[in-house]
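In the working numbering, the protein residues as written are 10 to 329. Note that the Cβ used here is the ideal one computed from N, Cα and C, for glycine as well. Predicted, not measured: the structure shown is a model, and the values here were computed from it.
Printed below as a string of structure tokens:
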């Protein structure tokens, strides 16, 4: 005996109505749970290698770093293109693979290739940073910051310290990147007479300070349904901390850095500039975490920035 669905639905309309109501409610619920993103979370078939060598000219970076790494990367199976960008102190190599290449396998291959030539790179070069390219790493919104009571240096510190700390606690926010402004710089001017008395070469002092003043990556952690970046902070925050920093000296024991150098807290020369309507401002980008909704992130960021503006007062934070 076959069941005539149409006839049964006509005789019992309530069942059909309830079924469609349930399907409609389920569809609405599913739609409300969907993450709204400009681009889906995909890993592009590309791996980025970044090597920094402070103060090195592009020509030096090309000969001592870029060519050595490029020659090794070309031997990896599935490589399509290699693009290298050189600027003072940094070399960036983007290795593009064919679409069929598994991205994690590509990252492992690149890491292995770079590891093989690490010993041939200059000793002063920092360890290569290897990252994969993902659509989640693109900025989702940009804000500008201006104030009548703060100069560019104060605004830069406000963004780096206050804004970054407040927004980094928001679920779904991966990074806050400043655009324009001034980079804070602590200058250590060594006293040649004091170093001579301690038989302490300035290069050795510089190397020891550099080894102490380093932040490092702590990897990633799953927080709820999103991936958050972890950083291990090892650098001091104030010039007074460097004054009291104990460093080993060749004559034995340790001595406060402030006794052998003059330490000042200032700003480095600007490397970028941000303008809005012809006025110099300080801006910052927001990057969402993998799996987070762009709409939800922007709503939470807007609410937090409104609270921050009310708390600080006389500061204009505008979405660009």
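* Cross-strand partners of residue 120 (DSSP beta bridge) -> Its beta-bridge partners do not exist; DSSP assigns none.
Which parts of the region 255-318 are runs of the beta strand (DSSP E), unbroken and 3 residues or longer, counting only runs that do not cross its ends? The region 255-318 contains these whole beta strand (DSSP E) runs: 255-257, 263-265, 270-276, 283-285 and 288-297.
Tell me, please, which residues DSSP counts as bridged to residue 148.
Per DSSP, the beta-bridge partners of residue 148 are 296.
- Message: Using CA atoms only, rank isn't needed, just tell me which of 294, 204, 284 and 250 is closest to residue 260.
- Response: Of the listed residues, the one whose Cα sits closest to residue 260 is 204.
Sorted by chain position, which residues of the same chain lie with C-beta nearer than 8 angstroms to residue 151's C-beta, five sequence neighbours on each side aside? For residue 151, the CB contacts under 8 angstroms within the same chain, skipping 5 residues up- and downstream, are 188, 292, 293, 294, 295, 328 and 329 in chain order.
(request) Tell me whether the beta-carbon of residue 182 lies closer than 8 angstroms to the beta-carbon of residue 297. (result) Contact check for residue 182 against residue 297 passes: the beta carbons are separated by less than 8 angstroms.
Bridge partners - residue 56, DSSP secondary structure assignment:
DSSP lists 104 and 141 as the bridge partner or partners of residue 56.
So, are the CB atoms of residue 173 and residue 161 less than 8 angstroms apart? In this structure, residue 161 does not lie closer than 8 angstroms to residue 173 by Cβ.
*asked:* For residue 75, report the span of its alpha helix (DSSP H) as first-last.
replied: Counting along the chain, residue 75 sits inside no alpha helix (DSSP H), nor does DSSP assign it H or E at all.
Could you tell me which of 147, 156 and 263 sits nearest to residue 209, measuring between CA atoms? Answer by Cα proximity: 263.
So if DSSP puts residue 95 in a beta bridge, which residue, or which two residues, is it bridged to? Residue pairing from DSSP places residue 95 in a beta bridge opposite 100.
* Asked: Below 8 angstroms, can you find three or more Cβ-Cβ pairs linking the region 53-61 to the region 106-116?
  -> The region 53-61, when compared against the region 106-116, does touch it at the 8 angstroms Cβ threshold.
- Message: I need the DSSP call for residue 125, collapsed to helix, strand or coil.
- Response: Three-state result, residue 125: helix.
Which of the three DSSP states is assigned to residue 25 in this structure?
Shown here, residue 25 sits in a helix according to DSSP, grouped into three states.
I believe residue 255 touches residue 198 by the beta-carbon criterion, under 8 angstroms. Please report the beta-carbon distance rounded to the nearest angstrom. Contact flag wrong, Cβ pair sits at about 19 angstroms.
**Item:** Limits of the unbroken beta strand (DSSP E) element including residue 183
**Value:** Taken as a continuous stretch (DSSP letters only), the beta strand (DSSP E) holding residue 183 covers 182-188.
Q. Is it true that the region 60-74 meets the region 95-105, where meeting means three or more beta-carbon pairs spaced less than 8 angstroms apart?
A. Contact between the region 60-74 and the region 95-105 is present: 3 or more CB-CB pairs across the two stretches fall below 8 angstroms.
request  = Note down, in chain order, each residue of its chain lying with its Cβ closer than 8 angstroms to the Cβ of residue 155, except the 5 sequence neighbours on either side.
outcome  = Contacts found: 164, 285, 288, 290, 291, 324, 325 and 327.
Next item on the list: Could you pull out every residue in the same chain whose Cβ sits closer than 6 angstroms to the Cβ of residue 140, ignoring the five residues on either side in sequence?
Entry: Taken in chain order, the residues that qualify are 57.
Along the chain, where does the beta strand (DSSP E) containing residue 110 start, and where does it finish? Run containing residue 110: none; DSSP gives neither H nor E here.
Residues bridged to residue 197 by DSSP? DSSP lists 272 as partners of residue 197.
Quiz item: Mind checking residue 266: buried by the 16 CB within 10 Å criterion, or exposed?
Solution: Buried: at least 16 other Cβ atoms inside 10 Å.
TODO: Measure the alpha-carbon distance for residue 84 versus residue 268 and round it to whole angstroms.
DONE: Rounded to the nearest angstrom, the two C-alpha atoms are 52 angstroms apart.
Below 7 angstroms CB to CB, which residues in the same chain sit around residue 120 once its five sequence neighbours on both sides are set aside? Excluding sequence neighbours, residue 120 sits near 139.
Candidates 314, 320 and 304, of which the one nearest residue 149 by Cα:
Here the closest residue by C-alpha is 304.
Task: Top-ranked residue by Cα proximity to residue 167, from 14, 15 and 318 - done: Taking only the C-alpha atoms, the option nearest residue 167 is 318.
Checklist entry - Where do the ends of the alpha helix (DSSP H) carrying residue 71 lie? => result In the DSSP assignment, residue 71 falls outside any alpha helix (DSSP H) and carries neither an H nor an E.
Rounded to a whole number of angstroms, what is the C-alpha to C-alpha distance between residue 200 and residue 63? Each residue's Cα considered, the two are about 22 angstroms apart.
field: Closest Cα partner of residue 283 within the set 132, 313 and 153
entry: The shortest Cα separation from residue 283 among 132, 313 and 153 belongs to 153.
Cα-Cα separation between residue 16 and residue 307, rounded to whole angstroms:
Across the structure, residue 16 and residue 307 are spaced so that their CA atoms are roughly 51 angstroms apart.
Q: Measure the alpha-carbon distance for residue 40 versus residue 34 and round it to whole angstroms.
A: Using only the alpha carbons, I get a separation of about 10 angstroms.
In the structure shown, what three-state DSSP assignment does residue 165 receive? It is helical.
Query raised in the report: Hey, residue 90 and residue 105: beta-carbon distance below 8 angstroms or not?
Result: In contact: residue 90 and residue 105 (Cβ atoms closer than 8 angstroms).
Thinking residue 169 and residue 130 are a contact (beta carbons under 8 angstroms), I'd like their distance in whole angstroms, please.
Their Cβ separation, rounded to whole angstroms, is 30 angstroms, which puts residue 169 and residue 130 out of contact at 8 angstroms.
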